[in-house]
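*Asks:* Below you will find the structure I want to go over with you.
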Amino acid sequence: MLILSRRPGQSIMIGDNIEIKVLGWKDGQLSLGIIAPKSVAVYRQEIYDIIAQENKAAVAPSRDIDLALLPHKR
1 MLILSRRPGQ SIMIGDNIEI KVLGWKDGQL SLGIIAPKSV AVYRQEIYDI IAQENKAAVA
61 PSRDIDLALL PHKR
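Numbering (the working numbering), first residue to last: 1 to 74.
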């Protein structure tokens, strides 16, 4: 893990096209601005975890389906 110290108004770059800028610090919360291409998804960790869990559940095989009840083509 890379650990950096930044002040409000300062930025870090990830690659050539992702900028993370420190906007400020107030009441124990850090405000960040993120500039990234639309093709790069940016989520808070708690939202990312929910999305990952839902995606995993969506592709998991369901044991509730009785395949014998599905219509068959002959």
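Where is the CB? At the ideal position from N, CA and C, for every residue including glycine.
All values derive from a computational prediction rather than experimental measurement.
(1) Report the CB separation of L32 from P8 in whole angstroms; it is logged as a contact under 8 Å.
(2) Closest by CA to M13, which one among K56, W25, I34?
(3) Going by beta-carbon coordinates alone, are P37 and N55 separated by less than 8 Å?
(4) Under 8 Å between the Cβ atoms of S11 and K26?
(5) Taking just the CA atoms, how far does L70 sit from I47?
(6) Which residue marks the beginning of the beta strand (DSSP E) containing R22, and which one marks its end?
(7) Please report how far the alpha carbon of L4 lies from the alpha carbon of L30, in whole angstroms.
*Replies:* The relevant details are as follows:
(1) The Cβ separation is near 10 Å, so there is no contact.
(2) I34
(3) No. Outside cutoff.
(4) no
(5) Roughly 36 Å between the two C-alpha positions.
(6) Correcting the residue type first, residue 22 is Val in the shown sequence and not Arg. 18-26 is the span of the beta strand (DSSP E), which, as asked, contains V22.
(7) 14 Å
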